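Trainee: Just passing along the structure, written as structure tokens.
Residue numbers (our numbering): 83 to 303.
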């Protein structure tokens, strides 16, 4: 504060009789009219990173679900049949099913995060997953296009859903919220970033907070 008052007096000696608030206000006003300050404000406004669009987030969620399905089916094949080839299988329909499902879970997360604890939210996500799996499976079955069939499971319903998957869906819901949705919502797109520049981190120290940028994307810490 002392430095600000001294700077204000240097700029306008006639303010010697003014109070501290007037001095600070005068200094702030003079700084705002400096060309370099105006340019900095303009650049900050023009280059402010923007959140990912709905379509971009849907794409990330679709790829995540697709990848997880391949890995899960490969692991299941190994556990059941000891198949060291790890043949993971899925369907192109999985991209649309997972992308839309997780996008809706994202909306649920934003609405429920301040009202329910994490585990209860994951129970809600699991119930929604069952409902979504049954609905999309029933629709695809009308066209003989449903890529899954749980008829061989003891607690299945119409071959479209099965209670044996309750725990895997619950764990997937937890991972989906904590690692996928939360981090995706923190991503920002910066049009001014150079795609050829390696990731850098702004802030007082290299390992602390700030913005990590790479290939035009910014992750807000």
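Glycine included, every Cβ here is placed at the ideal spot set by N, Cα and C. None of these values were measured; they are calculated from a predicted model.
Should residue 139 go down as buried or exposed, given a rule of 16 or more other Cβ atoms within 10 Å for buried?
Mentor: Counting Cβ neighbours within 10 Å, residue 139 comes out buried, since at least 16 surround it.
Trainee: Thinking C-alpha only, which one of 149, 161, 265, 256 is nearest residue 203?
Mentor: Among 149, 161, 265, 256, the Cα nearest to that of residue 203 is on 256.
Trainee: Which residue or residues does DSSP assign as beta-bridge partners of residue 132?
Mentor: 271.
Trainee: Can you look up residue 198 in the DSSP assignment and give me helix, strand or coil?
Mentor: Three-state DSSP puts residue 198 in coil, outside helix and strand.
Trainee: Could you compute how far the alpha carbon of residue 165 sits from the alpha carbon of residue 252?
Mentor: Approximately 26 angstroms, taken between the alpha carbons.
Trainee: Assuming residue 131 and residue 271 make a contact with CB atoms under 8 angstroms, what is their CB distance in whole Å?
Mentor: With 8 angstroms as the limit, residue 131 and residue 271 qualify as a contact, their Cβ atoms being about 6 angstroms apart.
Trainee: Using only the alpha-carbon positions, how far apart do residue 153 and residue 231 sit?
Mentor: The alpha-carbon atoms of residue 153 and residue 231 are separated by roughly 18 angstroms.
Trainee: For the putative contact between residue 184 and residue 219, defined by C-beta atoms under 8 angstroms, what is the C-beta separation to the nearest angstrom?
Mentor: No, residue 184 and residue 219 are not in contact; Cβ-Cβ is about 17 angstroms, not under 8 angstroms.
Trainee: Between which two residues does the alpha helix (DSSP H) holding residue 251 run?
Mentor: Segment 248 to 257, the alpha helix (DSSP H) holding residue 251.
Trainee: Leaving out the 5 sequence neighbours to the left and right, which residues in its chain are closer than 6 angstroms to residue 144 when beta-carbon positions are compared?
Mentor: For residue 144, where only same-chain residues beyond five positions count, the Cβ hits under 6 angstroms are 177, 180, 181.
Trainee: Under 9 angstroms between the Cβ atoms of residue 67 and residue 208?
Mentor: The question about residue 67 has no answer here: the residues shown for the chain are numbered 83 through 303.
Trainee: Could you tell me the distance, in whole angstroms, from the CA atom of residue 268 to the CA atom of residue 133?
Mentor: Roughly 8 angstroms between the two C-alpha positions.
Trainee: How is residue 244 classed by DSSP in three states: helix, strand or coil?
Mentor: Here residue 244 sits in strand by DSSP.
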